[in-house]
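Have a look at the structure below, then the notes.
In my numbering, the protein residues as written are 1 to 170.
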């Protein structure tokens, strides 16, 4: 290999390493968002780390909220009805266009209703939802953050599923 080919190979490796690091950061961004929900640590600061100042969260029912403060308030309200949740993501597909990335990740989430929403003595107070997270992430001076995050639910099951309809009627 001549000197030019060696330099070209080194540049290619550097680009690949950067892209791999970006993929890890974006994947971790989604994992951290889910862990904040599951650990009940939702607040403006955690949402400001996850979202751009004008970032949008589009709920499964289509309602959109904009900005970390509004997203935090919306997620706190939404998840206050659950005693516990557990989100699992997999198969992260990330496509880059400069400092913008599109993410698609499969998602399964268990939801256990709080005592106020169901009979606390019943073991039939949960449901599981499955679907896809779709997101747009942008790189800024602080790293990658979501400009949009949208969970698209494709199925739900479980004994506590009837409470979903009850909750949406409130």
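For every residue, glycine included, the Cβ atom is placed at its ideal position computed from N, Cα and C.
Just so it is clear, the structure is predicted and the values come from calculations on it, not from any experiment.
Candidates 30, 112, 111, 68: closest to residue 134 by CA position:
For residue 134, the nearest C-alpha among the options comes from 30.
Three-state secondary structure assigned by DSSP to residue 47
DSSP places residue 47 within a helical segment (H, G or I) once states are collapsed to three.
What number of angstroms, rounded off, separates the C-alpha of residue 85 from the C-alpha of residue 50?
So the two alpha carbons sit approximately 19 angstroms from each other.
Buried or exposed for residue 172, please, with buried defined as at least 16 other CB atoms from any protein chain shown within 10 angstroms of its CB.
In the structure displayed, the chain extends from 1 to 170; residue 172 sits before or after that span and is not available.
Starting from residue 75 and walking both ways along the alpha helix (DSSP H), at which residues does that stretch end?
Counting along the chain, the alpha helix (DSSP H) containing residue 75 begins and ends at 68-79.
Quick one: what's got a C-beta closer than 6 angstroms to residue 100's C-beta in the same chain, skipping five residues either side?
Take residue 100, set aside five residues on each side of it, and the residues of its chain with a beta-carbon closer than 6 angstroms to its own are 138, in chain order.
If we call anything under 8 angstroms between Cβ atoms a contact, is residue 132 one with residue 157?
In this structure, residue 157 does not lie closer than 8 angstroms to residue 132 by Cβ.
If we ignore side chains and look at the alpha-carbon of each, how far apart do residue 75 and residue 65 end up?
Using only the alpha carbons, I get a separation of about 10 angstroms.
Residue 141 by DSSP, collapsed to three states: which one?
In this structure, residue 141 counts as coil in the three-state DSSP scheme.
Measure the alpha-carbon distance for residue 81 versus residue 111 and round it to whole angstroms.
In this structure, the alpha-carbon of residue 81 lies about 9 angstroms from that of residue 111.
For residue 149 and residue 34, I'd like the C-alpha separation in whole angstroms.
Between residue 149 and residue 34, the C-alpha separation is close to 12 angstroms.
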